[in-house]
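Engineer: Per UniProt numbering: the sequence shown = residues 1 to 166. Quick one: the structure is below, questions incoming.
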Amino acid sequence: MATRIEHRATFAHSAADVYAAQTQQQALRARLDEIGGKDSTLRDHTATADGVRYTLVQGIPAEQLPHLVRKMHSGDLEVQREHTWWQQEGRYVGTVNVHVSVMPGHITARTELYDEAAGSVLQTRGEVKVRIPLVGGKLESFVADQVTELLEHEAKFTSRWLAGRG
């Protein structure tokens with residue numbers, strides 16, 4: 001069984017502006033510098049006429065991991081987030097696939113960014129699946145909470161980034 005992730009962020013700027021702040025290399029690097037974690041990096045970035053693909057790598061220091069995770073794994077974790085965005089029917093849509101080092105499972109999400117009367121909305125829906133008998137559900141819940149918190153931090157960063165750009 002998987003644990004669901006749902007997050008909704010609203011912005012005072014247009015979907016096009018938020019899309020740029022979510023996908024441009026300069027904005028991604030600035031976001032990683034501020035909230036990316038240990039040894040964070042933009043591993044790759046490819047923009048085409050159809051959309052954007054990029055991979056973010058973020059580290060989580062061992063001391064910040066819950067006791068349950070530290071019992072199963074010693075050392076830091078590396079989180080690799082593969083993002084793909086494209087335009088579809090007047091909206092920006094995307095997928096996210098997340099791999100966590102040494103965790104048997106996955107995190108997947110679908111994103112949708114669209115204009116609204118007062119700005120725009122970024123909707124993220126996904127799931128966390130951890131395949132570890134007896135403790136997988138507990139880890140899924142923890143990871144889902146952490147992902148939701150990270151999405152909130154990233155939305156706040158995006159709002160500040162856009163406000164600073166005029």
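In this text, a Cβ means the ideal position worked out from N, Cα and C, and glycines have one as well.
Could you tell me the alpha carbon to alpha carbon distance between Val102 and Ala117, rounded to whole angstroms?
Structural biologist: Answer to the nearest angstrom: the Cα atoms are 44 Å apart.
Engineer: Within a Cβ cutoff of 6 Å, which residues of the same chain sit near Thr3, ignoring the five residues on either side of it in sequence?
Structural biologist: The answer, listed in chain order, is Val128, Glu140, Ser141 and Ala144.
Engineer: What ranges does the beta strand (DSSP E) occupy inside the segment 42-130, keeping only unbroken runs of at least 3 residues that lie completely in it?
Structural biologist: Counting only runs of 3 or more, we get 51-60, 77-88, 91-100, 105-116 and 119-130.
Engineer: Less than 6 Å between C-beta atoms, sequence neighbours within five positions excluded: which residues of the same chain meet that for His45?
Structural biologist: Gln25 and Tyr54, listed in sequence order.
Engineer: Could you please give the first and the last residue of the uninterrupted alpha helix (DSSP H) stretch that includes Ile132?
Structural biologist: Element bounds for Ile132: n/a, residue is neither H nor E.
Engineer: Just reading off the alpha helix (DSSP H) that Ala15 is part of, what are its end residues?
Structural biologist: Element bounds for Ala15: Ala15 to Thr23.
Engineer: Are Ala12 and Gly90 touching if we call contact CB-CB under 8 Å?
Structural biologist: No. Outside cutoff.
Engineer: What residues are listed by DSSP as bridge partners for Thr10?
Structural biologist: Looking at the DSSP assignment, Thr10 forms a beta bridge with Val121.
Engineer: Would you identify the three-state DSSP class for Arg160, choosing helix, strand or coil?
Structural biologist: DSSP places Arg160 in helix when its eight states are reduced to three.
Engineer: Whole angstroms is fine: what's the gap from Asn77's alpha carbon to Gly59's?
Structural biologist: The sequence as given places Leu at residue 77; Asn does not occur at that position. Taking the straight line joining both Cα atoms gives about 6 Å.
Engineer: Return helix, strand or coil for Pro165, following the three-state DSSP convention.
Structural biologist: Looking at the sequence provided, one finds Arg at residue 165 rather than Pro. It is coil, neither helix nor strand.
Engineer: In terms of alpha-carbon separation, which member of Gln123, Gln80 and Arg43 lies closest to His7?
Structural biologist: Per the Cα distances, Gln123.
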